[in-house]
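Novice: Quick one: the structure is below, questions incoming.
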Amino acid sequence: MSAPAASSAPIPAGRPQLVRTAVPIAHWQTEFDRIVAAKYRLVHADGYEVGGKTFVNGIFRPADGVAWVARHNLTAAGYQTAFDQFKAQGYRLADVSTYLVSGQIRYAAIWRKASGPAWTAYHGMSQSDHQSKLEALTAQGYHPIAISVAAPGDKPQWSALYVKESVGTWLAKSWLTLAEYQQQWDAATAQGMRVAYLSATQYAGSVRISVIFQAGSGAYEARFGLTAAEVATKSAAHESAGRLVRGIAGYVAGGSARFALAWS
């Protein structure tokens, strides 16, 4: 469920997930520390700007005994340094996202010290270079699990993470308008796929969506244009039915924060 930014309410124990929306980035570390102390681990962080101020959404799941680390507010150089450091220590990248702080690109990332399939990642690429890498890696048996775009100065940069494993049918699209996202969602749903990942970025006064669909079954819902209150209500209802948040993206529409989510 969602909670007010910088909440001082006790962290509930033993939940299948905790979702935080619209946390001011200055308060994110404090909220992160409180939740981790209650035996949860971060699985995804999503940053977005409203009126020049940066906010963070986060998805937490119960700690599973695997060592992990998370970092945010990294510059490109800082992210590369952390990437190299943790990889050398036997950690694998589990999530990467990009956002803007005062108009400058920043990175948030999560690493886990666990075995798993081969993986690879890149950051700061142009759209054409990203598309070339996507096609080449797909041909090698990889599939993307994160595709994040940020556009400092309306100059978009792509960052992505891939793993080499079979997940059945999948589809990855980025730089979609909301209308195009709806069209892709309709087509993917008709083919038995569902949202596995979401991110959003602002560009030239509008929003662009990145989405990864994967084959799946069972009850499922995806929505965009939600307020924080609507996110809390829907997430609570889905959680009570055993469904978790699979993707979350904050963005601006009409000068106010809105959210795109998927539950399954």
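Going by the working numbering, the first residue of the sequence shown is number 977, and it counts up by one from there.
Where is the CB? At the ideal position from N, CA and C, for every residue including glycine.
1. In the region 1168 to 1206, which residue ranges form an unbroken beta strand (DSSP E) of at least 3 residues, counting only runs that do not cross its ends?
2. Expressed to the nearest angstrom, what Euclidean distance is found between the alpha-carbon atoms of G1226 and F1008?
3. I'd like the list of long-range same chain contacts for Y1083, defined as Cβ closer than 6 Å, with 5 residues on each side in sequence excluded.
4. If you measure between the beta carbons of A1233 and A1204, is that distance less than 8 Å?
5. For V1221, write down the residues that DSSP places opposite it in a beta bridge.
6. Between which two residues does the beta strand (DSSP E) harbouring I1121 extend?
7. Got a sec? Which residues, its chain only, sit under 6 Å from I1224 by beta carbon, not counting five neighbours each side?
8. Just the C-alpha distance for L1154 and E1111, rounded to the nearest angstrom, thanks.
9. Contact defined as beta carbons within less than 8 Å: I believe L1147 pairs with A1164. What is the distance between those atoms, to the nearest angstrom?
10. Name the two residues that bound the continuous beta strand (DSSP E) containing S1150.
11. So V999 is in the beta strand (DSSP E); what residue range does that whole segment cover?
12. Only counting the same chain, and skipping five residues up and downstream in sequence, which positions put a Cβ closer than 6 Å to that of H1099?
13. What does S1232 pair with, by DSSP beta-bridge criteria?
Specialist: On the basis of the supplied data:
1. 1169 to 1179, 1182 to 1191 and 1197 to 1202
2. By 1-based counting over the sequence shown, the position of residue 1226 is 250. By 1-based counting over the sequence shown, the position of residue 1008 is 32. Roughly 18 Å between the two C-alpha positions.
3. As a working mapping, residue 1083 is identified with position 107 in the sequence shown. So the qualifying residues of the chain are L1050, Y1055 and T1074.
4. By 1-based counting over the sequence shown, the position of residue 1233 is 257. By 1-based counting over the sequence shown, the position of residue 1204 is 228. Yes. Within cutoff.
5. Taking the first residue of the sequence shown as 1, we reach residue 1221 at position 245. Beta-bridge pairing links V1221 to W1239.
6. For the purposes of this step, residue 1121 is taken as residue 145 along the sequence shown, with counting starting at 1. Taken as a continuous stretch (DSSP letters only), the beta strand (DSSP E) holding I1121 covers Y1118 to A1126.
7. Looking up residue 1224 in the sequence shown gives position 248. So the list reads D1022, N1033 and L1237, once near-sequence residues are dropped.
8. Reading the sequence shown from its first residue, position 178 is the one you call residue 1154. Reading the sequence shown from its first residue, position 135 is the one you call residue 1111. Each residue's alpha carbon lies about 24 Å from the other.
9. For this step, residue 1147 is matched to residue 171 along the sequence shown. For this step, residue 1164 is matched to residue 188 along the sequence shown. With a Cβ gap of about 6 Å, L1147 and A1164 count as contacting.
10. Along the sequence shown, read from residue 1 onward, the residue named residue 1150 stands at position 174. Element bounds for S1150: W1146 to L1152.
11. Residue numbering aside, residue 999 sits at position 23 when the sequence shown is read from its first letter. L994 to P1000 is the span of the beta strand (DSSP E), which, as asked, contains V999.
12. Indexing the sequence shown from 1 puts residue 1099 at position 123. So the qualifying residues of the chain are S1135.
13. Residue numbering aside, residue 1232 sits at position 256 when the sequence shown is read from its first letter. For S1232, which the question treats as bridged, DSSP gives the partners A1229.
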